[in-house]
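Numbering (the working numbering), first residue to last: 5 to 139.
Data first, discussion second: the structure below is written as structure tokens.
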């Protein structure tokens, strides 16, 4: 057993050290990858900035954090009804009190409190959701 383990360790060391000749191509790949990410993120700098300031503490575009992922939320959960979604973002309790079906569903499913953002304009919310959809 020790012999097999020793061979595995030796193979691992050889594999790691033999990669020194292939480091040059690997360094060119990360160079192209961040630029693609940078282009993607900078396609809507206002939306990205607002998302990071207002939303990123609880949400990611494509992953669940405290809140759900937001990519596709307008079409998939709000039937492309921006007015209802924007009311919910500005003050979810108002949306719930007005009987907006999706707001009521969300509270029934998960009554956790979302920070209201009454200061966000339609244009700012458009920028945020545009950034999320292009993420």
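Using N, Cα and C, we set each Cβ at its ideal position, and we do this for glycine too.
On a predicted model such as this, the values are computed, not experimentally measured, just so you know.
Element boundaries [alpha helix (DSSP H), containing residue i]
i	result
residue 126	126-138
Distance, residue j Cα to residue i Cα
i	j	result
residue 78	residue 138	13 Å
residue 128	residue 115	26 Å
residue 122	residue 69	22 Å
residue 102	residue 61	27 Å
residue 83	residue 120	21 Å
residue 99	residue 81	14 Å
residue 67	residue 133	15 Å
residue 96	residue 126	16 Å
residue 86	residue 53	20 Å
residue 117	residue 63	13 Å
CB of residue i within 8 Å of CB of residue j, strictly
i	j	result
residue 131	residue 76	no
residue 135	residue 48	yes
residue 65	residue 72	no
residue 124	residue 58	yes
Open item on the list: Would you call the region 104-116 in contact with the region 79-95, where contact means no fewer than 3 C-beta pairs closer than 8 Å?
Closed with: Contact between the region 104-116 and the region 79-95 is present: three or more C-beta pairs spanning the two stretches fall below 8 Å.
- [ ] Go through the region 54-117 residue by residue and report every complete run of the alpha helix (DSSP H) that reaches 4 residues or more, in order.
- [x] With a minimum length of 4 residues, the continuous alpha helix (DSSP H) runs that stay inside the region 54-117 are 77-81, 86-94, 96-101 and 105-113.
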